[in-house]
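A.B. asks:
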Amino acid sequence: EPLKNAQGKVIGALAASSDLTAFQGALSKQVAEARFFDTGGVYVVDPRGSTRDAVFVLHPNAAGKAVTSVNPQAATFLDALADASDGRVDDAAPLLDGASPNRWALMRKAKSGAWVVAEVSQAESTSRHWSNMMLIWGLLALATVALGVALFVVVRRTVSQPLSELTTVVKAVADGDLT
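Numbering follows the numbering used here, with no gaps: position 112 of the sequence shown is 172.
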């Protein structure tokens, strides 16, 4: 709105602007370099009026493209993201390059209306968990065997040996040896 004097004549205008090119470049670089495990990453989507018209705002290599041009099943996936109360979808359509199936995604809405989405492979995100679980189960099995062996030795020394000695003495008495 320009500044006007009492007669309504424009006497000045105030404009403010900011060059966001550096910020946009830094944000694009951050999105491109964000990696979760081997194939997971981040992208930003503008859902527009309809998820079928959604466009990548930031993506490692598809910025500015329609989301459905990267994966035709993306519209269904974006609908599921929009409907998810916690922003998580377990059967996510892969939208990153080299993305394997069985992915999950987590979305948060920015104040601007854009969606910041993290996409991760289920197998990659749980592989360390399962390898740790196998190690724990292996150690637990080893500890169980060691405890069993220790219990066997203790029972043998405290029960079996004295019982064996008692049996020997009782047989000797039964045979008439009273010494």
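In this text, a Cβ means the ideal position worked out from N, Cα and C, and glycines have one as well.
Note down, one range per segment and in chain order, each beta strand (DSSP E) of at least 3 residues found wholly within the stretch 169–202.
C.D. replies: If we require 3 residues or more, the beta strand (DSSP E) runs fully inside the stretch 169–202 come out as 175–181.
A.B. asks: Under a Cβ-count criterion, where at least 16 other Cβ atoms within 10 Å of its own Cβ denotes burial, should G97 be classed as buried or exposed?
C.D. replies: For the purposes of this step, residue 97 is identified with residue 37 of the sequence shown, where counting begins at 1. According to the sequence displayed, residue 97 carries Phe and not Gly. The residue in question, F97, is exposed, as its Cβ has fewer than 16 Cβ neighbours within 10 Å.
A.B. asks: Compute the distance between the beta-carbons of A153 and A134, then report whether it is under 8 Å.
C.D. replies: Position 93 of the sequence shown, counted from the start, is the residue given in the question as residue 153. Position 74 of the sequence shown, counted from the start, is the residue given in the question as residue 134. A contact, by the Cβ cut-off of 8 Å.
A.B. asks: Buried or exposed, going by whether 16 or more other CB atoms sit within 10 Å of the CB of G109?
C.D. replies: Against the sequence shown, residue 109 aligns to sequence position 49. Answer is exposed; the Cβ neighbour count stays below 16.
A.B. asks: By the three-class DSSP mapping on this structure, what secondary structure does K231 have?
C.D. replies: Numbered from its first residue, the sequence shown carries residue 231 at position 171. Correct three-state label for K231: helix.
A.B. asks: Give the straight-line distance between the Cα atoms of L226 and N192, rounded to the nearest whole angstrom.
C.D. replies: The residue labelled residue 226 in the question sits at position 166 within the sequence shown. The residue labelled residue 192 in the question sits at position 132 within the sequence shown. Going by the C-alpha atoms only, they are around 50 Å apart.
A.B. asks: Could you please give me the residues that DSSP links to R163 through a beta bridge?
C.D. replies: On the sequence shown, residue 163 is found 103 positions in, with the first residue counted as 1. The partner list for R163 (beta bridge, DSSP) reads A152, S181.
A.B. asks: My understanding is that V127 touches L138, with C-beta atoms under 8 Å, so please give their C-beta distance in whole angstroms.
C.D. replies: On the sequence shown, position 67 is the one that residue 127 refers to. On the sequence shown, position 78 is the one that residue 138 refers to. Correct: roughly 7 Å between the Cβ atoms.
A.B. asks: Decide if L80 is buried, meaning its Cβ has at least 16 other Cβ atoms within 10 Å, or exposed.
C.D. replies: Counting from one through the sequence shown, the residue named residue 80 turns up at place 20. With fewer than 16 other Cβ atoms within 10 Å, it is exposed.
A.B. asks: Can you check which of these residues, R168, P222, P62, is closest to V104 by C-alpha distance?
C.D. replies: On the sequence shown, residue 104 is found 44 positions in, with the first residue counted as 1. Answer by Cα proximity: R168.
A.B. asks: Quick one: Cα of W190 to Cα of E179, how far?
C.D. replies: Residue 190 sits at position 130 when you count from the first residue of the sequence shown. Residue 179 sits at position 119 when you count from the first residue of the sequence shown. Approximately 20 Å, taken between the alpha carbons.
A.B. asks: Could you tell me the boundaries of the beta strand (DSSP E) in which F137 lies?
C.D. replies: Looking up residue 137 in the sequence shown gives position 77. Not the beta strand (DSSP E): F137 falls in the alpha helix (DSSP H), residues 134–143.
A.B. asks: Using a 10 Å radius around the Cβ and a threshold of 16 neighbouring Cβ atoms, would you call P107 buried or exposed?
C.D. replies: Numbered from its first residue, the sequence shown carries residue 107 at position 47. Under this definition P107 is a buried residue.
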